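Visitor: In terms of the working numbering, the sequence shown opens at residue 1018 and continues consecutively. So that we are looking at the same thing, I have put the structure below in structure tokens.
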Amino acid sequence: MTKPKIILGIETSCDETAAAVCQNTDDGVQILSNIVASSADLQAKYGGVIPEQAAREQLKSIIPVIQEALQVASVKPQEIDVIAVTEGPGLIGSLLIGVETAKVLTTVWQKPLVPVNHLIGHFYANWIINQQTDYSLPTTAKDERRKTEDLPTFPCIGLLVSGGHTDLVLFTDHGKYKHLGGTRDDAAGECFDKSARLLGLPYPGGPNLSKLAEKGNPKTFKLPRPMISSKDLDFSFSGLKTAVVNLANSRGVAGVGAPQQNPKLIANLAASVEDAITDVLVEKTVRAAQIHNIDQIIVAGGVAANKVLAKKLRQKFSELKSRGVVYIPPPELCTDNAAYIATAAFYNFHPANPLTLQANPNLSLSS
Ligand code: KG4
Ligand code: ZN
């Protein structure tokens, strides 16, 4: 089967409603449009995602978001070669909106449908060639583009750090990978989010905690680095979260209002939490590369937008491997969007039967 040229991607695994149009060029996959509508205002109000509410919002926005993606890209439905959709994992109500919409569109427009595992999809943000920052605007000739030789090659170690997942993967080719380790309890993003909430920071926790941490001293509090010395490539963040709870309670600074009442202390706590989480992520990722003698690391997922993680990982990897390269997508491609779903479908072009495809909330890296 010939590779598609124009791909419409659809992503609705959590609270975002996202659609993107990507085009294959001689250098690789380029974004023509990337539209993300999120119910962030509602989540900020309730302190997190309420699944039924997220799905209701997605039902309202899915068609307008797809229409906008086509309009910004100046692409007509008949010009699309394939539709890619997140099959799972995620919230079932949310996944259903994307999968059922994609099934209807592929049937009406007579296009192949490619299901994408959201976790693998995240990594494909590293294979997108244009790095412009406002994807709600049409792509222009001025946008910075990467060439084929700037893209990751195989083998490479993948670190996925999102709100629900923390995983290390060894990629030997597109679609060929081995799961090396993962979290035994909380994900890194969850630890960021729960610590942020405890420190009285608004939703979304991770980016807000990280922003405040810039003003703090990461060495103020000695927090645990769980499993940092264990020989395996697994993670555990629940103990760290408990240590943050105990520390904040012992200082009497937990909860709403804390950042206003104790700005310096909360900034120091935020910096110490970020330091502990990123130390563990860096140590285990570099160890995975050492064990498997790999020169390239690709990072993906919302937490990949964390600047301290990027700095420490690049520094440590370059100390150990002079030819070591760490690929990290620009922040807006790290968090959930449909452009990486479209890109993943290009590199893993395996159409499914729209009549039998089902959203799978429990899809894993080994599915
Ligand atoms: O990949 P993603 O957008 O959604 C999931 O698939 O989970 O990741 C969201 C996670 C949240 O936990 C959020 O707090 C975290 O990514 N995050 C960050 C940063 N930006 C997003 N964590 C730390 N520092 C950041 N700058
Ligand atoms: Zn995600």
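The beta carbon of each residue, even a glycine, is placed where N, CA and C say it ideally should be. Computed from a predicted structure; not experimentally measured.
#1: What do you reckon, are the CB atoms on E1074 and S1056 nearer than 9 Å?
#2: Just to confirm, is the Cβ distance from K1301 to L1250 under 9 Å?
#3: Within 10 angstroms of its Cβ, does R1304 collect 16 or more other Cβ (buried), or is it exposed?
#4: Which ranges would you report for the alpha helix (DSSP H) in the stretch 1048-1099 if only whole runs of at least 4 residues count?
#5: Please classify H1139 as buried or exposed, where buried requires at least 16 other C-beta atoms within 10 Å of its C-beta.
#6: Taking the alpha carbon of D1032 as the reference point, which residue from Q1070, A1119, E1161 and Q1127 has its own alpha carbon closest?
#7: My guess is that S1050 and A1090 are in contact by the Cβ rule of under 8 Å, so how many angstroms apart are they, rounded?
#8: Using a Cβ distance threshold of 8 Å, determine whether the stretch 1326-1336 contacts the stretch 1109-1128, with at least three qualifying pairs required.
#9: Using 9 Å as the threshold, is the C-beta distance between T1019 and V1082 below it?
#10: Here's the rule: buried if 16 or more other CB atoms are within 10 angstroms of the residue's CB, otherwise exposed. What is H1367?
#11: Cβ-heavy atom distance between G1180 and the ligand ZN below 8 Å?
#12: Less than 9 Å between the beta carbons of A1369 and P1132, yes or no?
#13: Using a C-beta cutoff of 9 Å, does V1038 count as contacting chain C?
#14: In chain order, what are the residue ranges of uninterrupted alpha helix (DSSP H) at least 4 long that sit wholly in the stretch 1202-1273?
#15: Tell whether a beta-carbon distance below 9 Å holds between L1438 and S1289.
#16: Take H1196 and list the residues in its own chain whose beta-carbon comes closer than 7 Å to its own, dropping the five residues that flank it on each side.
#17: What's the gap between the Cα of L1108 and the Cα of A1271?
#18: Taking the Cβ atom as the reference point for each residue, do Y1364 and Y1194 lie within a distance shorter than 9 Å?
#19: Are the CB atoms of P1169 and K1232 nearer to each other than 9 Å?
#20: I think N1379 touches P1068, with their Cβ atoms under 8 Å apart; what is that distance to the nearest whole Å?
#21: For G1206 and G1175, which I take to be in contact (beta-carbon distance under 8 Å), what is that distance rounded to the nearest angstrom?
#22: Comparing C-alpha positions only, which one of A1361, A1230 and Y1344 sits nearest to D1312?
#23: What's the gap between the Cα of G1223 and the Cα of R1331?
#24: Near T1042, what residues of its chain come up, given a Cβ to Cβ distance below 8 Å and the 5 sequence neighbours on each side ignored?
#25: Are G1217 and V1299 closer than 9 Å when you measure CB to CB?
#26: In the DSSP assignment, find the unbroken alpha helix (DSSP H) run with P983 in it and report its ends.
#27: Taking buried to mean at least 16 other C-beta atoms within 10 Å of its own C-beta, is E1161 buried or exposed?
#28: Taking the beta strand (DSSP E) that E1161 falls in, what are its first and last residues?
#29: So if DSSP puts K1193 in a beta bridge, which residue, or which two residues, is it bridged to?
#30: DSSP state of I1283, grouped into three classes?
#31: Per DSSP, Q1040 forms a beta bridge with which residues?
Guide: Looking at the atomic coordinates:
#1: Along the sequence shown, read from residue 1 onward, the residue named residue 1074 stands at position 57. Along the sequence shown, read from residue 1 onward, the residue named residue 1056 stands at position 39. The answer is yes: Cβ separation under 9 Å.
#2: Working through the sequence shown from its first residue, we reach residue 1301 at position 284. Working through the sequence shown from its first residue, we reach residue 1250 at position 233. Yes, they are a contact pair.
#3: Within the sequence shown, numbered from 1, the residue matching residue 1304 stands at position 287. The residue is buried, with at least 16 neighbouring Cβ atoms inside 10 Å.
#4: 1057-1063 and 1068-1090
#5: Along the sequence shown, read from residue 1 onward, the residue named residue 1139 stands at position 122. H1139 should be labelled buried.
#6: The sequence position of residue 1032 within the sequence shown is 15, counting from 1. Comparing alpha carbon positions, the residue from Q1070, A1119, E1161 and Q1127 closest to D1032 is Q1070.
#7: To locate residue 1050, count along the sequence shown from 1; it is residue 33. To locate residue 1090, count along the sequence shown from 1; it is residue 73. Indeed, because the Cβ distance is near 4 Å, the residues count as touching under 8 Å.
#8: No, because fewer than three Cβ pairs between the stretch 1326-1336 and the stretch 1109-1128 fall closer than 8 Å, the two stretches do not touch.
#9: As a first step, residue 1019 is located in the sequence shown; it is residue number 2 there, counting from the start. As a first step, residue 1082 is located in the sequence shown; it is residue number 65 there, counting from the start. No, the Cβ-Cβ distance between T1019 and V1082 is not below 9 Å.
#10: Mapped onto the sequence shown, residue 1367 falls at position 350. By the neighbour-count rule (16 or more Cβ atoms within 10 Å), H1367 is not buried but exposed.
#11: On the sequence shown, residue 1180 is found 163 positions in, with the first residue counted as 1. For the ligand ZN, at least one heavy atom lies less than 8 Å from the Cβ of G1180.
#12: Residue numbering aside, residue 1369 sits at position 352 when the sequence shown is read from its first letter. Residue numbering aside, residue 1132 sits at position 115 when the sequence shown is read from its first letter. Yes. Within cutoff.
#13: Included in the structure is just one protein chain, with no chain C present.
#14: 1205-1215, 1222-1230 and 1255-1267
#15: For residue 1438 there is no data in the structure shown, the boundaries of the chain being 1018 and 1384.
#16: Locating residue 1196 in the sequence shown gives position 179, where the first residue counts as 1. Here the set comprises D1184, V1186, L1382 and S1383.
#17: The sequence position of residue 1108 within the sequence shown is 91, counting from 1. The sequence position of residue 1271 within the sequence shown is 254, counting from 1. The alpha-carbon atoms of L1108 and A1271 are separated by roughly 30 Å.
#18: Here the question's residue 1364 lines up with position 347 in the sequence shown. Here the question's residue 1194 lines up with position 177 in the sequence shown. No, the Cβ-Cβ distance between Y1364 and Y1194 is not below 9 Å.
#19: Sequence index remark: in the sequence shown, residue 1169 carries index 152 (1-based). Sequence index remark: in the sequence shown, residue 1232 carries index 215 (1-based). Going by C-beta atoms, P1169 is not nearer than 9 Å to K1232.
#20: Indexing the sequence shown from 1 puts residue 1379 at position 362. Indexing the sequence shown from 1 puts residue 1068 at position 51. Rounded, the Cβ-Cβ distance is 15 Å, inconsistent with contact.
#21: The count along the sequence shown starts at 1 and reaches residue 1206 at position 189. The count along the sequence shown starts at 1 and reaches residue 1175 at position 158. Between G1175 and G1206 the Cβ distance is about 16 Å, and since that is not below 8 Å, they are no contact.
#22: Position 295 of the sequence shown, counted from the start, is the residue given in the question as residue 1312. Comparing Cα positions, the closest option is Y1344.
#23: Position 206 of the sequence shown, counting from 1, holds the residue named residue 1223. Position 314 of the sequence shown, counting from 1, holds the residue named residue 1331. For G1223 and R1331, the distance between alpha carbons rounds to 20 Å.
#24: Locating residue 1042 in the sequence shown gives position 25, where the first residue counts as 1. Its chain contains I1146 as the residues whose beta carbon lies nearer than 8 Å to that of T1042, once the 5 sequence neighbours on both sides are disregarded; these appear in chain order.
#25: Residue 1217 sits at position 200 when you count from the first residue of the sequence shown. Residue 1299 sits at position 282 when you count from the first residue of the sequence shown. With contacts defined by Cβ atoms closer than 9 Å, G1217 and V1299 do not form a contacting pair.
#26: Limits of the chain in this structure are 1018 at one end and 1384 at the other, which puts residue 983 out of reach.
#27: Here residue 1161 refers to the residue found at position 144 of the sequence shown. Per the 10 Å Cβ criterion, exposed.
#28: Residue numbering aside, residue 1161 sits at position 144 when the sequence shown is read from its first letter. Unbroken run through E1161: none, as it is neither H nor E.
#29: Numbered from 1 along the sequence shown, position 176 holds the residue referred to as residue 1193. Answer is D1190.
#30: The residue labelled residue 1283 in the question sits at position 266 within the sequence shown. Helix, per DSSP.
#31: For the purposes of this step, residue 1040 is taken as residue 23 along the sequence shown, with counting starting at 1. Paired residues: I1023 and Q1047.
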